[in-house]
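Peer 1: Dropping the structure in here first, questions after.
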Amino acid sequence: MPACWPNAPITTHLVLPPPLPPFPSSLALPVPLSRLRDRCHTTQAPTRSPMFFTEPEFLDGLERYLHASALAEPEGRAPALYKAFAQYKLANATFKSICQSQQKRRQVQFAASLAQWAKEHPRHSPKELEKAVHERLVFFFFS
């Protein structure tokens, strides 16, 4: 044990900081955090993008950080900081929801287009089918 700790007790307990006090009502989120968390978190492993919040723990950590910052900030900056964060979270959730609905719509359009092609070409070869699938994939998902 170092000399600066001659009689320091050894503890095996982790001391956690006290929980944060509740937010002032003037800084409340426009949408409950649980709804944002449910909308932003996916069970699949999506392509990671800094545009989207995919981890609820990240949202919680960021909210706690901003809350602590807001308590330490001068009165004028704290509400603006927290409201900007709330708007950013809401925008990300909305944008992700729009992307998912567009993806579903494109999947339906792709399937319908391929079904139509199959009706028009009843005696198609595997090579023709592969070409049709490729053309539609490019059109519906990469254009």
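Our numbering puts the first residue of the sequence shown at 44, with every later residue one more than the last.
Backbone N, C-alpha and C fix where the C-beta goes; we use that ideal spot for every residue, glycine too.
Can you tell me whether His177 is helix, strand or coil according to DSSP?
Peer 2: Helix, per DSSP.
Peer 1: How many angstroms separate the CA atom of Trp160 from the CA atom of Gln145?
Peer 2: 22 Å
Peer 1: How long is the line joining the alpha carbons of Gln152 and Phe183, rounded to whole angstroms?
Peer 2: 8 Å
Peer 1: Using 8 Å as the threshold, is the C-beta distance between Leu157 and Val181 below it?
Peer 2: The Cβ atoms of Leu157 and Val181 lie no closer than 8 Å to each other.
Peer 1: Can the beta-carbon of Ala171 be found less than 8 Å from the beta-carbon of His164?
Peer 2: According to the sequence displayed, residue 171 carries Glu and not Ala. Going by C-beta atoms, Glu171 is nearer than 8 Å to His164.
Peer 1: Please state the DSSP three-state secondary structure of Pro169.
Peer 2: Pro169 carries a helical assignment under DSSP once its states are collapsed to helix, strand and coil.
Peer 1: Given that a residue counts as buried once 16 or more other Cβ atoms are within 10 Å of its Cβ, and exposed if not, what is Lys139?
Peer 2: buried
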